[in-house]
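Undergrad: From first to last, the protein sequence lines are chains F and C. Residue 441 in the working numbering sits at position 238 of the first sequence; the count goes up by one each step and never skips. Residue 426 in the working numbering sits at position 223 of the second sequence; the count goes up by one each step and never skips. Let me give you the structure first, and then I'll get to my questions.
Number of protein chains: 2
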Amino acid sequence: MIYLDNAATSFPKPDCVCLEMYRCMREYCANPGRGGHALSLKAGMAVNRARETVCRLFNIRDPMRLAFTKNATEAINIAIKGLVFPGCHVITTAMEHNAVMRPLRTLERDMGIGISIIKGNEFGEIDPFDVRRSIKKNTALVICTLSSNVNGIIMPVAEIGRTAREYGIPFLVDASQGAGSLPVDVEAWNADMLAFPGHKGLMGPQGTGGLYVREGIRLRTLMEGGTGSNSEYAFQPEIMPDMLESGTLNTPGIVGLGAGAEYVIKIGTGTIHEYKSRLTGLLAEGLSQVPGVRLYSHADGSRNSGIVAMNLADMDPAKLSFILDKDFGICTRAGLQCSPAAHASLGTAGLGSVRFSVGCFNTENDVILAVEAVERIARSTAT
Amino acid sequence: MIYLDNAATSFPKPDCVCLEMYRCMREYCANPGRGGHALSLKAGMAVNRARETVCRLFNIRDPMRLAFTKNATEAINIAIKGLVFPGCHVITTAMEHNAVMRPLRTLERDMGIGISIIKGNEFGEIDPFDVRRSIKKNTALVICTLSSNVNGIIMPVAEIGRTAREYGIPFLVDASQGAGSLPVDVEAWNADMLAFPGHKGLMGPQGTGGLYVREGIRLRTLMEGGTGSNSEYAFQPEIMPDMLESGTLNTPGIVGLGAGAEYVIKIGTGTIHEYKSRLTGLLAEGLSQVPGVRLYSHADGSRNSGIVAMNLADMDPAKLSFILDKDFGICTRAGLQCSPAAHASLGTAGLGSVRFSVGCFNTENDVILAVEAVERIARSTAT
């Protein structure tokens with residue numbers, strides 16, 4: 204099997220991730236930060252270590268500003284709904300995932316917020332100046348994906364962050380694609396909030412993710428509950444991360460995420476991105492030479508987080524993806540990938556495209572075989 | 204080490220739970236229900252199997268009505284916030300956890316909902332007739348815990364459910380304590396919604412839980428995002444469980460929960476409850492004979508899900524719990540256990556109590572040693 208669906212979930216996972224989760228389940232999966240007994244303290248320390256590791260990776264200075272969530276979607280919902288108010292205005296891009304677009308559309312419908320959606324070039328890359336031009340007096344939030352989950356295009360988040368900070372508007376980065384290989388830096392980007400999943404580039408398990416919230420950004424809570432702190436207080440405590448971490452945390456998942464992030468730090472995001480870029484470039488170049496293939500991704504790794512989106516002639520992408528799986532054992536993802544607006548931008552609304560997404564455990568051989576498979580399918584379809 | 208903090212998180216976990224999670228992480232942790240490739244389908248089937256297993260345990264007829272959440276707190280927040288409206292009225296009990304009380308108090312403050320809180324007898328057990336007496340024209344929801352996380356008292360949920368159904372008022376049961384040992388039956392209880400954690404009595408990992416929503420109950424969503432379904436639709440799909448499961452699911456956690464629920468079904472909730480009741484009874488009886496001990500739990504297993512709450516003379520419960528851990532290796536939980544209202548009911552507001560909670564892997568010997576430890580502490584304090 205050749206797994207090229209790393210933009211959905213990275214696979215396989217490093218040994219250290221699987222083993223640490225197993226060890227946690229066996230040895231110390233008590234409630235972190237609740238009871239004061241030995242096992243609970245051990246779980247709490249493991250969670251804190253993971254928190255510190257992730258913060259090191261993202262240049263988050265105060266680990267207490269990072270809340271763990273179940274996935275990036277929860278983090279994005281907390282960020283958006285914690286800040287918007289009736290009649291406010293939000294700026295975002297046409298390359299966002301439904302994790303951003305569906306909450307915004309729901310708030311537009313139910314709360315009357317305004318949304319400006321910035322369109323990009325043929326790859327969806329936006330001009331940061333368009334953000335500046337879209338700012339209104341009531342703009343409450345700017346949201347941008349670090350990199351598109353449809354075609355991998357890397358967005359100019361640092362430039363956007365500079366503009367948002369200049370106007371004093373909170374800036375949320377969705378780092379779902381790119382965290383773990385691109386150099387995420389909340390300080391350099393002026394990111395007031397950063398949402399991320401644990402199970403993609405950070406090499407951790409599904410069921411994990413997080414939201415960084417800069418000191419000074421005050422959110423309303425999406426959920427309230429037991430926090431193990433100020434238990435006698437009738438409302439949610441306002442201290443971070445407790446404020447955003449109601450109920451029992453996913454200790455085994457979080458220690459897995461911590462192990463994954465440690466693995467990424469050890470290898471180095473630069474090394475990972477360089478390696479993935481080489482595979483992405485090879486794949487894009489190889490596919491571009493197959494008759495009938497249309498590419499929607501940049502071949503240049505400095506502008507792509509590791510995704511090659513394509514279609515073959517007028518073949519339904521779902522069919523192509525199905526043949527790749529069934530006849531060649533190659534795992535890709537077809538369709539809209541939960542990002543209909545991005546597909547509309549790229550001209551692939553409707554059926555979408557086939558997405559190949561590389562991970563740091565893919566090899567050059569995987570890529571060569573994938574190109575060969577598409578070539579063979581193209582030939583057999585043409586005849 | 205003697206672990207008597209099972210009401211926080213059950214520990215240890217059955218072998219099958221740890222092994223299946225490890226196998227998932229190693230072999231098939233792709234995105235369930237997203238791509239159509241072999242690994243994604245395998246993950247999707249594993250999630251569905253877990254869904255069916257949990258439904259079997261709770262007598263939920265249609266597995267599609269069960270959404271997985273990260274914990275019971277998320278499930279409770281989804282249920283409450285999905286149903287209440289400005290100016291509505293909610294009935295609940297004085298024994299609820301902060302997972303219920305904090306969302307309600309927040310909505311009372313921000314949305315002007317009214318709350319009736321039913322007080323119980325000296326154990327917190329409420330009279331179902333008080334629910335009937337509290338119903339108003341605008342009552343939108345009745346919420347009751349299956350069993351208190353402070354003293355284990357089992358609530359008359361079937362009777363309350365009958366009343367709620369009679370008046371056509373949605374009824375939410377918080378089964379955080381008791382699921383896995385008490386015979387949870389959403390049909391027999393007329394429970395319109397059931398919230399539960401995966402990591403307590405169901406023997407699964409932290410980071411899991413779920414919400415059952417009866418067909419016909421329409422919730423507003425708390426979060427929106429990618430669901431892998433109707434991706435071109437700008438809003439959250441209204442089909443269950445997708446509607447409540449935005450973003451990537453916790454596949455390894457959910458397969459662990461499924462394995463735990465299968466384990467519970469194999470042993471039988473009746474057998475587990477009987478076994479835990481025997482230990483609870485022994486513990487309560489043993490502790491009651493120690494001079495200076497005050498008990499807040501029923502010794503009778505038919506009225507207790509497996510918790511013994513106590514205090515020793517005027518000793519700070521945090522200190523007693525600390526000594527039990529440090530000098531005897533016994534894990535308990537002191538303080539308010541995130542349920543200040545319940546403690547106020549039992550007369551233990553302020554410092555709370557020490558909670559011993561048994562699990563199905565505890566032995567009679569564990570209980571005897573725990574009683575002996577308290578006896579020794581009592582003697583050394585008295586002299």
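Every residue, glycine too, gets a C-beta built ideally from N, C-alpha and C.
Going by alpha carbons, who is nearest to F:E362 out of F:S350, F:A391 and F:N352?
TA: F:A391
Undergrad: Where DSSP assigns a beta bridge to F:M513, which residues make up the other side?
TA: In DSSP, F:M513 forms a bridge with F:L498 and F:V557.
Undergrad: Going by DSSP, name the residue or residues bridged to C:G412.
TA: C:T272 and C:P400
Undergrad: Give me the Cα-Cα distance between F:V303 and C:R312, rounded to the nearest whole angstrom.
TA: 28 Å
Undergrad: The beta strand (DSSP E) with C:G317 in it runs from where to where?
TA: G317 to I321
Undergrad: Please state the DSSP three-state secondary structure of C:I357.
TA: strand
Undergrad: Cβ of F:P400 less than 8 Å from any chain C Cβ?
TA: yes
Undergrad: Can you confirm whether the region 445-457 of chain C touches the region 266-286 of chain C when touching is taken to mean that 3 or more C-beta pairs between the two stretches lie within less than 8 Å?
TA: yes
Undergrad: Rounded C-beta distance between C:V250 and C:L527? I'm assuming under 8 Å.
TA: No, C:V250 and C:L527 are not in contact; Cβ-Cβ is about 39 Å, not under 8 Å.
Undergrad: Quick one: Cα of C:L244 to Cα of C:V493, how far?
TA: 57 Å
Undergrad: Classify F:Y415 as buried or exposed, calling it buried when 16 or more other Cβ atoms lie within 10 Å of its own Cβ.
TA: buried
Undergrad: Output needed in chain order: residues of the region 480-512 of chain C with a Cβ under 9 Å from some Cβ in chain F.
TA: none
Undergrad: Say whether chain C places a C-beta atom closer than 8 Å to the C-beta of F:D528.
TA: yes
Undergrad: The beta strand (DSSP E) spanning C:G538 covers which residue range?
TA: DSSP places C:G538 inside the beta strand (DSSP E), whose first and last residues are R536 to G538.
Undergrad: Just the chain C side, please: which residues come within less than 9 Å of F:K216 by C-beta, in chain order?
TA: Residues of chain C passing the Cβ test: M228, R229 and C232.
Undergrad: Counting Cβ pairs closer than 8 Å, one from the region 556-566 of chain C and one from the region 510-517 of chain C, do we hit at least three?
TA: yes
Undergrad: Counting contacts by CB-CB distance shorter than 8 Å, is C:I574 in contact with chain F?
TA: For the sequence presented, residue 574 of chain C should be read as Val rather than Ile. Not one chain F Cβ lies under 8 Å of C:V574.
Undergrad: First and last residue of the alpha helix (DSSP H) that includes C:I457?
TA: C:I457 -> alpha helix (DSSP H) spans T454 to I470.
Undergrad: Output needed for F:G581: all residues of its chain with C-beta closer than 8 Å, excluding positions within five of it in sequence on either side, in chain order.
TA: Sequence check: residue 581 of chain F is Ala here, not Gly. Annotation for F:A581: V493, P494, G495, V496, L515 and A516 place their beta carbon closer than 8 Å to its own, counting only its chain and skipping 5 residues before and after.
Undergrad: Helix or strand or just coil, what does DSSP make of F:L207?
TA: coil
Undergrad: Using a beta-carbon distance below 8 Å, is C:L425 in contact with chain F?
TA: yes
Undergrad: Just reading off the beta strand (DSSP E) that C:L344 is part of, what are its end residues?
TA: T342 to T348
Undergrad: What do you reckon, are the CB atoms on F:N568 and F:L207 nearer than 8 Å?
TA: no
Undergrad: Across which residues does DSSP place C:Y420 in a beta bridge pair?
TA: The sequence given here places Ile at residue 420 of chain C; Tyr does not occur at that position. Note: C:I420 sits in no beta bridge, so no partner.
Undergrad: Kindly identify the DSSP beta-bridge partner or partners of F:L385.
TA: F:A382
Undergrad: Quick check on DSSP: helix, strand or coil for C:F531?
TA: helix
Undergrad: Taking its Cβ as the centre, do 16 or more other Cβ atoms sit within 10 Å of C:N341, making it buried, or is it exposed?
TA: exposed
Undergrad: Can you name the residues of chain F whose CB is closer than 7 Å to the CB of C:K522?
TA: Correct list: empty, because the minimum Cβ distance to chain F is about 10 Å.
Undergrad: Determine the DSSP secondary structure at C:D503, reduced to helix, strand or coil.
TA: coil
Undergrad: Could you name the residues of the same chain whose beta carbon sits closer than 6 Å to that of F:I470, not counting the 5 residues immediately before and after it, in chain order?
TA: none
Undergrad: Measuring only the C-alpha atoms, how far is F:E441 from F:T430?
TA: 11 Å
Undergrad: Contact criterion: CB-CB distance below 8 Å. Does F:V220 meet it with respect to chain C?
TA: yes
Undergrad: What are the boundary residues of the beta strand (DSSP E) that includes C:F374?
TA: F374 to D377
Undergrad: Following the continuous alpha helix (DSSP H) through F:V257, name the residue where it begins and the one where it ends.
TA: A241 to F261
Undergrad: When you compare each of F:A246, F:A585, F:P266 and F:I279 to F:V376 by their alpha carbons, which one comes out closest?
TA: F:I279
Undergrad: By alpha-carbon positions, which one of C:I356, C:I372, C:G404 and C:E325 ends up nearest to C:K339?
TA: C:I372
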